[in-house]
Structures are given as C-alpha cells and as structure tokens.
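Quick notes on the structure that follows.
Residue numbers (full-length UniProt numbering): 1 to 100.
The following block contains the structure:
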C-alpha cells in the first residue's frame, strides 16, 4: 500500500501529442499536492519523459513508475514466511540432495 510509505523517486512517461510544459506543470502540481508522500531530502525527484508518437490504436498513454519505501512491507512478509519455512526445514531436501 503506497500510502504507508514515501516515494524516493518516480518517473512519468507519456506518449502522444502532449505539450512538455503541460506535463511538467501537472507533475509539479502532483508533487506539491501530495508532498507528504515524497521524501523531502531528494529535490526534484519526479522525472518526466515524452514521446510524441502515440501507441498504435490510442491517442495517448502514460506510465508511472515509483520507487517507494512501502516495498519494505512486502520484504518483511517474505522474510517472515521464509523464516517459518526454514524452521520447519521445508524444501531443504531439494538443496541438500544436490550437495548444498
């Protein structure tokens, strides 16, 4: 859940007929309105890219990629699951049988 973390950096990629100034203005507005979701110690942490050629069959498309601290919840859950399985020695026979 992205609301439990903060964005370190993010990238917004647009394809189609869009003015770069409009893209940058909107990304600035997003960052200002949602400043609590961004870390303050990385200035200008939104990257934008624009490709004027739209994807086939569409007028415009966009992609948002974010690097957020909320991934730690997933890592914690996977770590807990691994610990539980390792304590039971689950699946270890596959590795020890191969000489590990």
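For each residue, glycine too, the CB sits at the ideal point set by N, CA and C.
Model, not experiment: these values are computed from the prediction.
Contact between the stretch 58-67 and the stretch 7-24 is established, with three or more Cβ pairs separated by less than 8 Å.
Going by DSSP, residue 14 is part of no alpha helix (DSSP H) but of the beta strand (DSSP E) stretching over 7-16. By the beta-carbon neighbour count (other beta carbons within 10 angstroms, threshold 16), residue 49 is exposed.
Residue 67 has its alpha-carbon roughly 14 Å from the corresponding atom of residue 73.
Counted as a single uninterrupted DSSP element, the beta strand (DSSP E) harbouring residue 50 occupies residues 46-51. Proximity of the stretch 30-49 to the stretch 76-88 falls short of the contact definition, fewer than three beta-carbon pairs being nearer than 8 Å. In this structure, DSSP gives residue 71 a helical state, which the three-state scheme calls helix.
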